[in-house]
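Per our numbering, the sequence shown runs over residues 72 to 1058. We treat Cβ as the ideally placed atom computed from N, Cα and C, and that holds for glycine. Here's the structure, in structure tokens; my notes come after.
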Amino acid sequence: MSGSLSAYEAEEPREDPSPGAASRLPRLLIVLLCLGYLIGSASGWGSQGLADFMGDFGLSGAALTASLSCLGYSCTAVGRHRPAWLCFGLSSLMVAVGNGVWGWYEVVLRVPIPTPSVADYAFLMFAPPAILGLLLLAKRPRNAAGWLCLALDGWLIAGSLLTLSWSLALARTAHGDSGSPLRLSMALAYPVLDILLVSMVLGLRFRSRDSNRAAVHTAMVALALTVLCDALFTSQALRDAYHSGQLLDAGWFTGSMLLAWAPWARPSSTGGSAASAGGRTRVASTFSALTPYAAAGVCTVGLIYNAFAQRQLDRFVLIVACTVVFALILRQGIMLLDNLSLAQKLSHQENHFRSLVQGSSDVIMIADPDGILRYVSPAAAGVYGRPAEELVGTRLPEMVHPDDLGHVLWEVQRYLAQSPAQEPTARIECRVRSGAGEWLDVESTVNRYRDGLIFNCRDVSERVRLQAQLEHNAFHDALTDLPNRALFLNRGRAALNKTPLNKTPLNKTAAAPKTAEGVAVLFLDLDGFKAVNDSAGHQVGDELLVQAARRLQDTVRTGDTVARLGGDEFAVLLTGLDQEQAEEVAERLRAALSAPYWIGSEELGVAASIGIAFAEPGITPARLLRNADLAMYQAKKNGKGRVAVYDPQLRTELHRRTELEQRLRIAVREGQFALLHQPVVDLQSGEVVALSAQARWRSAQGLLLTPAEFLRASEGGDRAARFTRWMVEQALQLSRERRERLGATVSQLPVALRLPARRLAAPGLCETIEAILLRSGLPADSLLLEIAEGDAADIRSHHSDELVRRLTALRRLGVGLALDGFGGLGAPLSGLRRLPVDMIKVERALVEGLTESAFLRTLTTSVLRLGQELGLTTVAEGVDHAAQAALLRELGCRRGQGQFFSGPLPEDQLDAVLCGPSFEVSAAPEAAVPRAATAESPRVVHPSGDSRSDLRIHRPGHPRTNSDQQGRSRGSHLGLGPHDETSIPPA
């Protein structure tokens, strides 16, 4: 019988419990009702009338209660078993109808019950729905063999019970009612259906689901009790002596009440579910295996009784017994074939799993409770380098690395402390000794096996090495193998968290000295590395970075951290040094990095700019690194190749510069800038020969300011391109409008714009200027571009070739070019050889001291003579006095620009100057007379708030007074020149 379990489906999931969950109060109420009915039946209910009423309508009420309970549950519950409880409800309803009809005849009408009656038919309809409900509760077989075994089991039980019942009572009943076929059929139908119902109860009892086992068992007990009472009632002796209200009615009443409670019954406790489920499975298997043999034994008892009680063997009993024996033989044959099939499958699976275990690359080991290996798969030879036979009998802790043994034992104990449902498997990683003596990284999956454990082990040494390599790559630079920014910040965070900082406040000029527990960050940048990359190639540049990284590591201490942040930027984390010691380390690093590099057979050289920042209370690693970065930029600004210490003023300047860049972006977008024009005068004729366009910022109060910081902030990035484009477009647009207003008077006046060398070397500038000229309709010679002073160093070191190409293209286009600030400290004479300029502007500092210093006069003379010999137009900037103008004319300077003639003017005042008479410049200081003008001079803002005249206008022949000259000097001192700046209003 045990083999037949494979023919059934696996149990289904438990259906959702109904809202009317089991509780002790309903159970107690049912017990009290059954006990009360039993006591009443035993005492005869006190009167025959009450006994008849309770024996008829009492049973009818109990059956009706069971019917309503089962029908109600089938309407509210969900799951596959709803139809089964519906069938039980209909079965109980038939019992209620039968008892009600019986009571109608016996109690109400007080007449004998006819035979057969409606009650008999109702009682007869009790069994079929109940049998159908049992079949719906049972597990369905999976194949034809399972269905056949189920039918044979049912017939074995039914035939055996029928044989015994026929021998005991049914034979006499059949012979007694032989005169009436209907009564004979009714008399035999009761016991036959009851036998069939008992067969279902016995055959399907242990095939219900574990989750609703309590409900199914309660229903089985109720049906079994009802069938038992029916069997007793079938006995002729009891039936003849039966009357309503007896003890037999108590059995029927109890069966109905149990069936009423059955659908709502649930297990009282879930504790020990695994052990109890295993025990129930074993009992069910044993009962299922013994059921056919028990049925054959019952059939044998029936045959023996029939043989000894009667003179001749009953033919019906013999036929039924033969069918039972035949069914038993057939069933055993089916089970034998099923067992053979299962044995073959088991053998095949065993061979399959054996081949999987032996051919698997993973090592499978079984250890007993003492940790001794009892089985090791052959894969151990390939993984551990040791044969499996050698490992069998070895204690598992002897194979584990001593450093990992504690962790392994703790994991195993923790795993065994958990229930299998909570943690079916565990995963443990440790190092195991191989046959060669090496330690292998092994990952083991642990499972329970009887009293021991199964270890499924695999070598993950390569994965561990790869993971370690990935982690290393994630925190180290690929080229130099130095820590990267992420690891540097992590170490900086660790150093700041464990290092006490000196709480001494910083003074205003320099950082206070740190104690020995201080933390410092050095930010290093290689000066000239881009030139090496451009000239020697990126491969040589990479080799230079590797050598620089090696020098850094050799220079610092072992506990210090050297990191590459990207490109040619490095950082060093120092701990336990004060400011003086950190600066000494920085100087050593600068000297080491500045030493020559030999790559191949070529000597290369770079310098290092280093910024130092010291930790303060509450600072973050990122902020500390940013402070060192600001200090490094300060070192570059101071001349490169040097060390600078962070000062809080650097961050203040950074914030201010950021704010200025934002305000510049808004000013360009919203049109807050304006262009003023300063006349450039021919010193011989006094005519205005050019205009110098200068940007001014229009403040919220409507004043025009000259913030040079705004101009410096506009020299880089996309803002510089937009600002340059705006200046060119605005200058040419105003020039075109001026020509339309004034006609031929100003048709030959070019407009000069001062641009940084970086902007002139930027890609796309030539194309942009050409497009603007085409839109404006002006000739190219109407635009003159000046290279701003102070850019000579940039011309020397950066983009020199590109700048020459851009200027050549502009010169070919027809745009005039001028070299500004010539003769100063930052303007080399070699610029004249390479740059395609046709005009030079004398340095302003030379012009300012021209009348007082003989040395400056000699230097100015040399500069002017050089320009004349090269055929270049010479222009003097900053001509603020008549003596300067006269002396410059005598020295051969062709043009002048300054406050002596006019300051920067708006369009309306500029028109008045251009339409007036020419300027007169004589040898005497008082002889220089500007043209007459009626318009007022433009007003600029003095830092003190006073408004002063940019241009002091005198009529011809009216000499200047001393006060005029003093005022002119004051004007020069106030910085009202073309590109001097006034104070910047707050944002």
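- Rounded to the nearest angstrom, the Cβ distance from Ala889 to Lys912 is 6 Å, consistent with a contact under 8 Å.
- In the structure shown, Ser163 falls within a helical segment according to DSSP collapsed to helix, strand and coil.
- Burial is judged here by how many other beta carbons sit within 10 angstroms of a residue's own beta carbon; Gln484 has fewer than 16 and is exposed.
- By alpha-carbon distance to Gly742, the top candidate from Glu732, Arg722 and Trp768 is Trp768.
- Residues Gly115, Trp116, Ser315 and Gly316 of the same chain have their beta carbon placed closer than 7 Å to that of Ala122, with the five preceding and five following residues left out of the count.
- When beta bridges are read from the DSSP output, Phe526 appears opposite Met436 and Val517.
- By a beta-carbon distance limit of 8 Å, Arg635 does not contact Ala653. Their separation comes to about 20 Å.
- The Cβ-Cβ distance between Tyr455 and Val479 does not fall below 8 Å.
- A direct Cα-Cα distance of roughly 43 Å separates Val822 from Pro719.
- Across the structure, Ala842 and Ala764 are spaced so that their CA atoms are roughly 20 Å apart.
- Sorting Tyr176, Thr297 and Leu389 by C-alpha distance to the C-alpha of Phe197 places Thr297 at the top.
- According to DSSP, Pro554 shares a beta bridge with His547.
- Glu961 is positioned such that its CB atom lies no closer than 8 Å to that of Val918.
- The C-beta separation of Leu207 from Ala137 comes to about 17 Å, leaving the pair out of contact by the 8 Å criterion.
- In the structure shown, Thr839 adopts helical secondary structure according to DSSP, grouped into three states.
- If you draw a straight line from the Cα of Leu878 to the Cα of Ile858, it comes to about 10 Å.
- Under DSSP, Arg504 forms a beta bridge with Trp510.
- When DSSP states are grouped into helix, strand and coil, Met910 belongs to the strand group.
- In the three-state reduction of the DSSP assignment, Leu135 falls in the helix class, which pools H, G and I.
- The stretch 459 to 470 and the stretch 556 to 566 do not touch, with fewer than 3 CB-CB distances between them shorter than 8 Å.
- Taking Leu104 as reference, the option from Arg713, Phe324 and Ala459 with the minimal CA-CA separation is Phe324.
- Nearest to Ser140 by alpha-carbon distance, out of Glu482, Glu730 and Ser327, is Ser327.
- No residue range can be given for Arg628, since it is assigned to no beta strand (DSSP E) and is classified by DSSP as neither H nor E.
- DSSP places Ser680 in the strand class (E or B) of the three-state scheme.
- Shown here for Phe124: same chain residues with a beta carbon closer than 6 Å to its own, the five before and five after excluded, namely Val178 in chain order.
- Looking at the DSSP output, Phe594 shares a beta bridge with Ala642 and Gly682.
- Selection Leu985, Val531 and Ser515 evaluated against Leu524 yields Ser515 as nearest (Cα-Cα).
- In the structure shown, Ala761 adopts extended strand secondary structure according to DSSP, grouped into three states.
- In the assembly as shown, Gln119 is an exposed residue. Its beta-carbon has fewer than 16 other beta-carbons within 10 Å.
- Judged by DSSP in its simplified three-state form, Arg151 adopts coil rather than helix or strand.
- Between the alpha carbons of Arg740 and Ala833 lies a distance of about 22 Å.
- Following the DSSP letters along the chain, one finds Thr945 inside the beta strand (DSSP E) bounded by residues Thr944 to Glu948.
- Secondary structure note for Trp332: its alpha helix (DSSP H) is the uninterrupted segment Leu318 to Trp332.
- Considering only Leu299, Gln540 and Trp335, the residue with the shortest C-alpha distance to Ala286 is Trp335.
- Distances from the CA of Arg883 to each of Phe128, Ala957 and Ile840 were compared; the closest alpha carbon is that of Ile840.
- For Ile681 against Leu595, the beta-carbon gap comes to about 5 Å, under 8 Å, which counts as contact.
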